Every structure is written in structure tokens, then in C-alpha cells.
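Mapping the sequence shown onto the UniProt record's numbering, position 78 (from 1) lands on 78, and the numbers just tick up by one. All residues carry an ideal CB built from backbone N, CA and C; glycine is no exception. Since the structure is predicted, the reported quantities are computational estimates derived from the model, not experimental observations. Everything on this sheet refers to the single structure shown next.
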Amino acid sequence: MQLITQSDYEQYIRQKDDGDYIMLLNNLTFSSVFQPIFNQLMQLIGFEALLRIQDEKQNFIRPDRFFADPNHSDEYILSVEFLSRAIHIRNFSKHYTAKGVKLFLNVMPNSLITMTKDLEYVDRSLLFRRLKQLGMAPSDVTFEVIEELCYQNDDLREAVKVLRSKGFHFAIDDFGAGHSDEKRAVELTPDLIKIDRGYLLSYCAGQQEELLHALNLAQRIGARVIVEGVEEEEQYQAMRELGLEFYQGYHFGRPEKIDYWAAHLSP
Numbered sequence: 001m002q003l004i005t006q007s008d009y010e011q012y013i014r015q016k017d018d019g020d021y022i023m024l025l026n027n028l029t030f031s032s033v034f035q036p037i038f039n040q041l042m043q044l045i046g047f048e049a050l051l052r053i054q055d056e057k058q059n060f061i062r063p064d065r066f067f068a069d070p071n072h073s074d075e076y077i078l079s080v081e082f083l084s085r086a087i088h089i090r091n092f093s094k095h096y097t098a099k100g101v102k103l104f105l106n107v108m109p110n111s112l113i114t115m116t117k118d119l120e121y122v123d124r125s126l127l128f129r130r131l132k133q134l135g136m137a138p139s140d141v142t143f144e145v146i147e148e149l150c151y152q153n154d155d156l157r158e159a160v161k162v163l164r165s166k167g168f169h170f171a172i173d174d175f176g177a178g179h180s181d182e183k184r185a186v187e188l189t190p191d192l193i194k195i196d197r198g199y200l201l202s203y204c205a206g207q208q209e210e211l212l213h214a215l216n217l218a219q220r221i222g223a224r225v226i227v228e229g230v231e232e233e234e235q236y237q238a239m240r241e242l243g244l245e246f247y248q249g250y251h252f253g254r255p256e257k258i259d260y261w262a263a264h265l266s267p
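Shown next as C-alpha cells:
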């Protein structure tokens, strides 16, 4: 599968009657939902775009299982991520351009490397053009580097450096899970660290060391902090007492279509 020109992307992207953009590929339907992120004053600062996958019978497939499926080639997985990013950006741009609200996009380490090396910047150039056409700037986008293993750490650092120099922001996703660890945070010096829900639960259970260490690390490298997976008022209050800056989780809103949030939330 080749994804170099805009027409390559258009083969797989469709717009539904309700205006929502989806992607059709190998008898699967991929769509976008968005979960809000708030600051301490409960002001909307951004949305994390999340992927929903359905088979021919409309059964949902868990994204983590889909991406971990050994029957899927690396090329296929990268293509799905590139196409998913395209529909996320289009859906987000329908309502939240030029409003100070940021779009958070999950990205695999290998995808970042591909964007800046393997495709010789072709995809990055196309991404710039599409953002401009949709009324967005690179600074409106934060790439969340997921907790996946990466063997090409030098290339990953260079990819982040190149894209950051063009205006994009970066976050370490699910810090404390998988390979989203201190080593990666120090190497990439992200703008944001997203604390994994596991650290939140441990802290609320009295095991405070890991979360406090993560906060100390963020301070050392100059990263701001988002706590993920906040589902209860008690968890929220515990994080407020620590002075956490940004919050995300079911307590504030479940993932929904962008049209839903446009009707219920304003910046």
C-alpha cells in the first residue's frame, strides 16, 4: 500500500452523511472518537483522538489487539496509523480550529521515523499541506509517543527533533507503562508527560513513590504533566492536592464523536 499523494489517501477515506470522516480498509471500518483534556480550572485545552475499529458485522475490535496482531505486517500497521491520523485531523478541524484547543495524536515510534526518514519527508510535507488547508498549524498538534519498543533510538530522537523544529509538540504517552519510561523521557525531552493510570491507582492506594518520582522527572526535564485515567472524584482531588496541571479520564468525559463535544463543550 502506497501513501504518498493526497489521492492515495482518498482511496480509503469516506465522509458519512453526518459529516464524520471514516476510513475503509480490508473490510474494516475505522472511525474517530475524542476524549477531552482539562486544566486545573476545568477549561478545555485539548482532545486526544482515539481509534474505533469495526468489522463487517459491526463488532468492535480493540485497537490494542488489532495493532498487536502478528498477522498484520509492519507496512499495513503503519498505513493504518497514517490513515487514522488523516481522519482524526479532518474530524477535529470541523469544530476546533483557531480556538486554542490542541489535538493529541497517538503515534508509534516507527511511524515518526517513517515520517522523517523512510519516506524522505514526503508524508511530513503532505501533513503540513493538509493542516494548512484545514486551518490548522503544526503547533495545534501534539504527538503522543506510545509505549512501544523502539530499536532505533537515535532515529527516534532525530525524528522528534526535526518535527519539533517545525512546530509540533510531543508527549510521552502512558508514562510508567511499557517503554514509556525515564530513559525515553530523558532522551526525547517531551513537552508533556502523560501519567499512566496505574501510577494514579497506586498513589491513591498509598504507594506514592512512583508517581512522585515521575513528577520530579517531569520537573527536571521541563515537561508539563497530564494525569490519565481519572475516573472518580477522590482521584481527581488527590491529584489536585499534588498540583497536577492537566486532567483526562472518564470522570470528565468519555470518548465521543467530535460533533458531540462541539455541542457540549466550548473552549
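Looking at the structure shown, is residue i part of a helix, part of a strand, or coil, going by DSSP?
i: D140; result: helix
i: E10; result: helix
i: F246; result: strand
i: E231; result: coil
i: L192; result: strand
i: residue 292; result: There is no way to answer for residue 292, as the model of the chain reaches only from 1 to 267.
Could you give the distance in angstroms between the alpha-carbon of residue i and the alpha-carbon of residue j?
i: A137; j: I258; result: 19 Å
i: E209; j: Y203; result: 8 Å
i: P63; j: L51; result: 7 Å
i: W261; j: T114; result: 32 Å
i: T116; j: H213; result: 32 Å
i: L105; j: Y96; result: 15 Å
i: F252; j: R157; result: 33 Å
i: E10; j: Q58; result: 23 Å
Look at residue i and residue j and say whether their C-beta atoms are less than 8 Å apart.
i: L112; j: V160; result: yes
i: Q35; j: Q235; result: no
i: F60; j: I53; result: yes
i: E228; j: R197; result: yes
i: Y12; j: L28; result: no
i: A171; j: D191; result: yes
i: G178; j: S139; result: no
i: Y250; j: E231; result: yes
i: I22; j: R14; result: yes
i: K194; j: E241; result: no
i: E75; j: M108; result: no
Got a sec, what are the start and stop residues for the alpha helix (DSSP H) residue i sits in?
i: V225; result: Element bounds for V225: not the alpha helix (DSSP H) but the beta strand (DSSP E), 224-227.
Over what stretch of residues does the beta strand (DSSP E) that includes residue i continue unbroken?
i: N106; result: 102-107
Within the region 17-68, ranges of the beta strand (DSSP E) (whole runs, at least 3 residues) | 21-25, 28-39, 44-54
4 or more residues per run - each alpha helix (DSSP H) lying fully within the region 128-181 | 153-165
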